[in-house]
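Take a look at the structure below.
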Amino acid sequence: MPSHYLAKIKIDDLDILGYSVAGEETVIGLPQLDVCFDIGKAPDQLISLNHVLLTHGHMDHAAGIAYYLSHRKFNGIDTGTVLTPPNTIHPIGEILNAWGRLDGNRIPANLIAAKPGDEYQIKPNLIARVFPTKHSYQSVGFSVIETRKKLKTEYQGLTGPQIVELKKQGVTIENPVEIPIVSYLGDTAYMDFSRLEYVSKSKILIAECTFFENEHIERANAGKHMHIDEFGPLLERMENKHVVMTHLTHRTSVLEARKMLEKRLPAEVFKKIIILMDHSRWYRGK
Ligand SMILES: [Zn+2]
Ligand SMILES: [Zn+2]
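So for the sequence shown, the numbering used here puts the first residue at -12; every next one is plus one.
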């Protein structure tokens, strides 16, 4: 029996497995990319993913970090890599040491400070890029970007052997190309994310929208979260093909949230949206 009953969405060839309720738990894994955005309470199904991209240290996003790392050791899996804002490295280290003492076992961890502009290689053709968010001190978001090389236009008519010959001569015949696959905003107040091209053009945007009712605008500002009045216009400026919405509260049901989004957004924007915790949209394949 797995520890969690996770949402399961499939977008093209990517599975998105997760759970997200504001203040309770947020964890979103993409197995094909080998990344887990935040760790929540460390669901069993996501412990084998090798990279946790932690946006900030709040309990609902980070509570399971020691369990994630320790349980990998228990199961004989290599040490997990955690990209996390610089201010969280020391406290996480203290937590791991304390749990290590309680448990009688050192917890191995590869903690890497993630600050805006940093890039980290996840796989040979895959990087995680860090960007700033507006939530807690040093909070960040992450984009996972595929990197490819594309033949320069002037060489596109050449045969295989001609290309090999040019490469032998040391000629640079390719340009690097970036294909942003998914961007995760974590918790954040409104910022104009459409100004970051790799976020705006990511095929999938995973974004929080915590507040929906008019009277909650102040609460959204106080907690540094997004309100639908800010989220809606932002989405209209973004170029993402799919938008996965997370971090709703128990105050607004999925059904109500969907109705409000439908009322406020142009139809072509509304149809891009999947609410993570919307059971009716879950993929029921294997
Ligand atoms: Zn949160
Ligand atoms: Zn938070």
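Ideal Cβ placement from N, Cα and C applies to all residues, glycine included.
Considering only DSSP beta bridges, list what residue i is partnered with.
i, result
"residue 23", "16 and 39"
"residue 5", "-6 and 15"
"residue 118", "128"
"residue 143", "DSSP output for residue 143 lists no bridge partner at all."
"residue 100", "71"
"residue 170", "130 and 192"
Can you give me the C-alpha to C-alpha distance between residue i and residue j, rounded to a whole angstrom?
i, j, result
"residue 31", "residue 11", "17 Å"
"residue 252", "residue 246", "10 Å"
"residue 70", "residue 162", "28 Å"
"residue 259", "residue 165", "22 Å"
"residue 157", "residue 21", "34 Å"
"residue -8", "residue 17", "16 Å"
"residue 94", "residue 38", "16 Å"
"residue 122", "residue 106", "21 Å"
"residue 151", "residue 255", "46 Å"
"residue 135", "residue 112", "7 Å"
"residue 211", "residue 78", "22 Å"
"residue 51", "residue 27", "6 Å"
"residue 173", "residue 138", "36 Å"
"residue 186", "residue 229", "12 Å"
"residue 181", "residue 222", "8 Å"
"residue 195", "residue 87", "33 Å"
Assuming residue i and residue j make a contact with CB atoms under 8 Å, what is their CB distance in whole Å?
i, j, result
"residue 130", "residue 167", "5 Å"
"residue -3", "residue 171", "Residue -3 to residue 171, Cβ: 17 Å. No contact."
Nearest to residue i by CA position, among the options, is which residue?
i, options, result
"residue 225", "245, 178, 198 and 197", "178"
"residue 257", "239, 231, 236 and 59", "231"
"residue 96", "194, 243 and 76", "76"
"residue 193", "15, 9, -1 and -6", "15"
"residue 9", "132, 25, 110 and 19", "25"
"residue 175", "218, 62, 169 and 36", "218"
"residue 61", "49, 45, 91 and 82", "91"
"residue 2", "68, 63, -12 and 19", "19"
"residue 102", "204, 147, 108 and 117", "117"
Go through its chain and collect everything with a Cβ distance to residue i's Cβ below 6 Å, but skip five positions before and after it.
i, result
"residue 7", "13, 233, 234 and 263"
"residue 265", "241"
"residue 33", "16 and 23"
"residue 153", "160"
By Cβ distance below 7 Å, which residues in the same chain neighbour residue i in space, the five residues on each side in sequence not counted?
i, result
"residue 54", "29"
"residue 206", "198"
"residue 290", "Outside the modelled stretch of the chain, which goes from -12 to 273, sits residue 290, for which no answer is possible."
With a CB to CB cut of under 8 Å and the five nearest residues on each side skipped, what residues in its chain are close to residue i?
i, result
"residue 268", "-4, 261 and 262"
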